[in-house]
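Student: In terms of our numbering, the sequence shown has 11 at position 24, counting the first letter as 1, and numbering is strictly consecutive. Note that the Cβ used here is the ideal one computed from N, Cα and C, for glycine as well.
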Amino acid sequence: MINDIHSSMMSSMPLAVTTPSLNNIPPTSVFHPSTPQAESIAKLFYFDLAIAVFILAIVVFLLTFILIRFRHKPGDRMPYQQHGNYKLETMWTVAPGFVVIALLVATAVTMHKVHPPQGDRKPDIIVIAHQWWWEYRYPASGVVTANELHMPADTRLLVEVQAADVIHDFWVPDLGPKTDANPGSSNHLWINPHTPGTYLGTCAEYCGGAHALMGIRAIVESREDFDQWTQSQLHVPETPTDPVASRGAQLFAERTCANCHFIAGTDAQARVAPDLTHLADRDTLASGIIENTHSNLMEWVSKPQSIKPSCNMPDMWLTEDEANAIATYLEELK
Ligand code: CUA
């Protein structure tokens, strides 16, 4: 279960960071599908499972029957030796052939349901996997965000999946199939989420050091809430007036944070690392692995390598005061 992974992966850490709350988040599972796509995949699994269980039952029954019925008894002679039976061999070749055809047809029907051709439809969301975080772009509104994916409920969404560096795999089990994120080409995923809520996912393909710390939080909300969220994302945060936050903004520019990150309305215009324009609106930090609180944010900016070993955010040797100033500044970004 991904929920367990999310909570257990942080428990071995000596740092005083808190993991995100799992309240109101259903257990992550392919058996609780929340989209027609995930439902089709679950149905295919049950169909395959039923066939496998049926074959297993026949094998176990025949084996048990033969072991008992034909067991060796004192005084038995050597059994009749038979080599080849044309009828039997034809039967046990043709019967599995029908099973394979049934599996093939069921799989093809499911693939067509889950992955219908996209035609000339433009993607609603572009997911770009990075070592080790997720970038989400909404081409229609121009919103760019990271790690927490917002989606309107009851809308058929076309999601394009890409990678910026190495192969990753986008997977939210409740919502749909695993989709490879390949550098240089894109894959498509249809998602039609019907139940509002938060769904957890993860990168499902080993992609280097922090692969296990590349969590996804998919937030499905009503159309109204989603439109409101989109509007809030388009708002350019005000320049901080509070002296601590202003110092944080200055440190952010001086300590090279601005060379990788993007914050609308400032000189930080790079797209190498997550867009921080509305960081304060997110529930989690570091790709869903820690809660978005002031003390966690201080730990994250001052000791990134301890929280997410091998991540690309360098340790800037910030003093506690500097970390506090930067965290105070980032918390004003909403
Ligand atoms: Cu990204 Cu594994």
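#1: Apart from the five residues on each side of it in sequence, which residues of its chain come closer than 6 Å, Cβ to Cβ, to LEU136?
#2: Since GLU192 contacts ASP161 with CB under 8 Å, what's their CB separation in whole angstroms?
#3: Let me check understanding here. Comparing Cα to Cα, which of ALA133, ILE203, ASN179, PRO83 lies closest to ASP156?
#4: Run the CB neighbour count on ALA133, radius 10 Å, all protein chains shown included, and call it buried at 16 or more, exposed below.
#5: Would you identify the three-state DSSP class for THR306, choosing helix, strand or coil?
#6: In whole angstroms, what is the alpha-carbon distance linking MET(-12) and THR185?
#7: Give me the Cβ distance between VAL207 and HIS175, rounded to the nearest whole Å; I'm assuming they're in contact under 8 Å.
#8: Does the structure place the stretch 244 to 258 close enough to the stretch 268 to 276 that three or more beta carbon pairs sit under 8 Å?
#9: Any idea if GLN220 is buried or exposed, counting beta-carbon neighbours within 10 angstroms, 16 or more meaning buried?
#10: Helix, strand or coil, according to DSSP, for GLU192 in the structure here?
#11: Quick one, which of TRP120, GLY106, ALA312, PHE52 has its alpha-carbon nearest VAL259's?
#12: Could you check the C-alpha separation between SER233 and ILE313 for me, to the nearest Å?
#13: Out of ALA151, LEU187, CYS247, point me to the one whose CA is closest to ASP270's CA.
#14: On a CA-only basis, which of THR264, PRO61, TYR67 is nearest LYS321? Give me that one, please.
#15: Give me the Cα-Cα distance between VAL40 and LYS60, rounded to the nearest whole angstrom.
#16: Roughly how many whole angstroms lie between the Cα atoms of VAL17 and VAL153?
#17: Just to confirm before moving on: does the CB-CB distance between SER27 and LYS100 stay below 9 Å?
#18: On the DSSP letters alone, give me the boundaries of the beta strand (DSSP E) that ASP156 sits inside.
#19: List the DSSP bridge partners of TYR186.
#20: Grab me the residues of ALA240's own chain with a C-beta within less than 8 Å of its C-beta, minus the 5 sequence neighbours each way, in chain order.
#21: May I ask whether a heavy atom of the ligand CUA can be found less than 8 Å away from the beta carbon of ALA257?
#22: If contacts are defined as beta-carbon pairs under 8 Å, then LEU238 and GLU309 qualify, I think. What distance do you get, rounded to the angstrom?
Tutor: Judging by the given coordinates:
#1: TYR123, ALA205
#2: Between ASP161 and GLU192 the Cβ distance is about 19 Å, and since that is not below 8 Å, they are no contact.
#3: ILE203
#4: buried
#5: coil
#6: At MET(-12), the pLDDT of 48 sits below 50, so the modelled position is not reliable; the number obtained from the coordinates is stated separately. Roughly 15 Å between the two C-alpha positions.
#7: Not confirmed; about 19 Å, so no contact.
#8: no
#9: buried
#10: coil
#11: TRP120
#12: 9 Å
#13: LEU187
#14: THR264
#15: 33 Å
#16: 26 Å
#17: yes
#18: 155 to 158
#19: ALA205
#20: THR253, ASP254, ALA255
#21: no
#22: 6 Å
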